[in-house]
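Below is one structure, written out as structure tokens; the observations come after it.
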Amino acid sequence: MKLYKCLIALIVCLLIGDVYSATTIKSYKTTPATDPESVEENGTKSCSGITVDVKLSETPTGTVTANFPNNVNGGAVTATQDKTDPGTYTISGIILKEGGNLNGLELLIDGTALSNDVGVTLPTLKCLESSASASESSASASESSASASQSSASASDSSVTPPVIKSISVSTPSMEPTINSGQLFCTKVRVDFELDKLYQVNLLEPKYNSFPATGKNTIYLPDETKPIYYFMLDVSVNGNLDDLYILFDKTEKVALPNKISFKCEKAATDPTSVTTMTTSKSSATSKGGICSEVKVDFTLDNAATAVTDITVASSSVTGTPSITQVGTTSTYSATVTVKEGGDLSDFVVNYKGTPLTSTASITFKCEKESGNDSKSDDGSTSSSLSANSIVVFCFTAFLLLFLN
Numbered sequence: 014m015k016l017y018k019c020l021i022a023l024i025v026c027l028l029i030g031d032v033y034s035a036t037t038i039k040s041y042k043t044t045p046a047t048d049p050e051s052v053e054e055n056g057t058k059s060c061s062g063i064t065v066d067v068k069l070s071e072t073p074t075g076t077v078t079a080n081f082p083n084n085v086n087g088g089a090v091t092a093t094q095d096k097t098d099p100g101t102y103t104i105s106g107i108i109l110k111e112g113g114n115l116n117g118l119e120l121l122i123d124g125t126a127l128s129n130d131v132g133v134t135l136p137t138l139k140c141l142e143s144s145a146s147a148s149e150s151s152a153s154a155s156e157s158s159a160s161a162s163q164s165s166a167s168a169s170d171s172s173v174t175p176p177v178i179k180s181i182s183v184s185t186p187s188m189e190p191t192i193n194s195g196q197l198f199c200t201k202v203r204v205d206f207e208l209d210k211l212y213q214v215n216l217l218e219p220k221y222n223s224f225p226a227t228g229k230n231t232i233y234l235p236d237e238t239k240p241i242y243y244f245m246l247d248v249s250v251n252g253n254l255d256d257l258y259i260l261f262d263k264t265e266k267v268a269l270p271n272k273i274s275f276k277c278e279k280a281a282t283d284p285t286s287v288t289t290m291t292t293s294k295s296s297a298t299s300k301g302g303i304c305s306e307v308k309v310d311f312t313l314d315n316a317a318t319a320v321t322d323i324t325v326a327s328s329s330v331t332g333t334p335s336i337t338q339v340g341t342t343s344t345y346s347a348t349v350t351v352k353e354g355g356d357l358s359d360f361v362v363n364y365k366g367t368p369l370t371s372t373a374s375i376t377f378k379c380e381k382e383s384g385n386d387s388k389s390d391d392g393s394t395s396s397s398l399s400a401n402s403i404v405v406f407c408f409t410a411f412l413l414l415f416l417n
């Protein structure tokens, strides 16, 4: 009979232990999907904005974190649970150095790194060296060479006397930025200008402050018999050419006869929907009949023209909410005060008074001061049996049954 009871205890332990069976990684998905090109920033060539979606074999119950020891400058990476698929986590904050890859990237549960499922491997995404346009470089080199050979005598005389810009104009007053080499800027903005006489193109260099880190400027001389030039500029997003000038022979600043009016800006698009919405905690204990300083973070499909155009509302909210924008992104943070007993199930975001559509929802409860003690201060429910508790429980039960 004792042996029978012992067997039952062992089976129960095995069944309980099966709940804590090892979670494995079933798949990876990187964004971007193909190898990005490096961008030089603050003297370092790297690839930023990389994310990795990791799908697990089951929804984890422990604390999920990410680790990437090879991140540029030792920056931290974060793991965020997918709202629609709790078994998927997105690792963000990844910055690869030029030539670097994802080797060493880990997803951990309660500090233990997860292993890959059979046949699953870490993506081979690599940060490639930035490549210049071969055709444009070749054209620039040939035109520069021709200009140098045909106007060498003129240039030697002109090196003493700076040129005079007779006229200058830009091909378009504005342009929308596009993503180039992982950076948002306006590319190939054409500026035409005429000098008083011929000069070598390698003695002329356009200068301005709104120059993107990955951009380039190339000066062309289409006809070596006429001092009519043009150059193609790259301009940073929200940048302009108000301070444009020509640097002659790397030392002399040549003023323009007129101001160049140009703006690189993204066309304003009103937001229409809320794409994500989260709270810092799922519940809180009221003090004086309210739960104060409750933060709700949400992301819109497009950034608002002004933060003041955004309002939030809920039947459980009292007072005036405070809304701030996270940097220059389309993510915002609302700080609200919730009535005791209230929740935020009907929380809505309005733009210029009109509610935005949303597929996202949040869970929050402002509980009474005599609320459930099983809740922790930050609103999360205390964990049930830990793995160590199960081992102790099973061992004790086994001894009691055996000695009975």
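Heads up, my numbering is the position in the sequence shown plus 13, with the first residue counted as 1. C-beta atoms are modelled at their ideal positions from N, C-alpha and C, and glycine is treated no differently.
Nearest residue (CA-CA) to residue i, options the options
{"i": "residue 261", "options": "213, 62, 289 and 87", "result": "213"}
{"i": "residue 178", "options": "259, 224 and 230", "result": "259"}
{"i": "residue 175", "options": "257, 72, 135 and 269", "result": "269"}
{"i": "residue 316", "options": "294, 207, 378 and 288", "result": "288"}
{"i": "residue 253", "options": "329, 199, 116 and 297", "result": "199"}
{"i": "residue 374", "options": "295, 351, 300 and 339", "result": "295"}
{"i": "residue 335", "options": "342, 314, 362 and 358", "result": "362"}
{"i": "residue 277", "options": "238, 250 and 290", "result": "250"}
{"i": "residue 301", "options": "91, 74, 380 and 115", "result": "380"}
{"i": "residue 75", "options": "104, 283, 94 and 132", "result": "94"}
{"i": "residue 231", "options": "242, 238 and 68", "result": "242"}
{"i": "residue 100", "options": "66, 365 and 366", "result": "66"}
{"i": "residue 39", "options": "282, 98, 131 and 87", "result": "131"}
{"i": "residue 320", "options": "87, 360 and 366", "result": "366"}
CB contact flag (residue i, residue j, <8 Å)
{"i": "residue 275", "j": "residue 202", "result": "yes"}
{"i": "residue 285", "j": "residue 369", "result": "yes"}
{"i": "residue 37", "j": "residue 70", "result": "yes"}
{"i": "residue 233", "j": "residue 224", "result": "no"}
{"i": "residue 303", "j": "residue 353", "result": "yes"}
{"i": "residue 85", "j": "residue 109", "result": "yes"}
{"i": "residue 50", "j": "residue 141", "result": "yes"}
{"i": "residue 279", "j": "residue 190", "result": "yes"}
{"i": "residue 351", "j": "residue 325", "result": "no"}
{"i": "residue 247", "j": "residue 272", "result": "no"}
{"i": "residue 226", "j": "residue 53", "result": "yes"}
{"i": "residue 81", "j": "residue 118", "result": "yes"}
{"i": "residue 342", "j": "residue 310", "result": "no"}
{"i": "residue 83", "j": "residue 124", "result": "no"}
{"i": "residue 56", "j": "residue 195", "result": "no"}
{"i": "residue 240", "j": "residue 211", "result": "yes"}
{"i": "residue 104", "j": "residue 89", "result": "no"}
Reduced DSSP category for residue i - H, G, I as helix; E, B as strand; rest coil
{"i": "residue 131", "result": "coil"}
{"i": "residue 87", "result": "helix"}
{"i": "residue 395", "result": "Because the pLDDT of residue 395 is 39, which lies under 50, any placement of that residue in the model is unreliable, and the number read from its coordinates should be weighed accordingly. Three-state DSSP puts residue 395 in coil, outside helix and strand."}
{"i": "residue 247", "result": "strand"}
{"i": "residue 321", "result": "helix"}
{"i": "residue 2", "result": "No information on residue 2 is available, as it lies outside the stretch 14 to 417 that the chain covers here."}
{"i": "residue 193", "result": "strand"}
{"i": "residue 58", "result": "strand"}
{"i": "residue 269", "result": "coil"}
{"i": "residue 257", "result": "coil"}
{"i": "residue 363", "result": "strand"}
{"i": "residue 214", "result": "helix"}
{"i": "residue 68", "result": "strand"}
{"i": "residue 206", "result": "strand"}
{"i": "residue 198", "result": "strand"}
{"i": "residue 52", "result": "strand"}
{"i": "residue 177", "result": "coil"}
{"i": "residue 113", "result": "coil"}
{"i": "residue 107", "result": "strand"}
{"i": "residue 284", "result": "coil"}
Alpha-carbon to alpha-carbon, residue j and residue i
{"i": "residue 265", "j": "residue 209", "result": "16 Å"}
{"i": "residue 204", "j": "residue 219", "result": "10 Å"}
{"i": "residue 106", "j": "residue 188", "result": "30 Å"}
{"i": "residue 305", "j": "residue 292", "result": "13 Å"}
{"i": "residue 385", "j": "residue 44", "result": "At residue 385, the pLDDT of 45 sits below 50, so the modelled position is not reliable; the number obtained from the coordinates is stated separately. Looking at the two C-alpha atoms, the distance is approximately 42 Å."}
{"i": "residue 418", "j": "residue 138", "result": "With the chain running from 14 to 417 in the structure shown, residue 418 is simply not present."}
{"i": "residue 312", "j": "residue 372", "result": "12 Å"}
{"i": "residue 180", "j": "residue 346", "result": "49 Å"}
{"i": "residue 318", "j": "residue 308", "result": "22 Å"}
{"i": "residue 41", "j": "residue 333", "result": "43 Å"}
{"i": "residue 222", "j": "residue 77", "result": "43 Å"}
{"i": "residue 206", "j": "residue 102", "result": "54 Å"}
{"i": "residue 377", "j": "residue 96", "result": "15 Å"}
{"i": "residue 328", "j": "residue 356", "result": "8 Å"}
{"i": "residue 314", "j": "residue 79", "result": "27 Å"}
{"i": "residue 48", "j": "residue 290", "result": "31 Å"}
{"i": "residue 298", "j": "residue 337", "result": "25 Å"}
{"i": "residue 133", "j": "residue 68", "result": "11 Å"}
{"i": "residue 339", "j": "residue 185", "result": "32 Å"}
{"i": "residue 182", "j": "residue 236", "result": "18 Å"}
Cβ-heavy atom distance, residue i to the ligand FMN, below 7 Å
{"i": "residue 188", "result": "The ligand FMN is absent from the structure shown, which contains no ligands of any kind."}
Legend entry - Sequence ranges, alpha helix (DSSP H) only - wholly within the stretch 288 to 358, length at least 4: none
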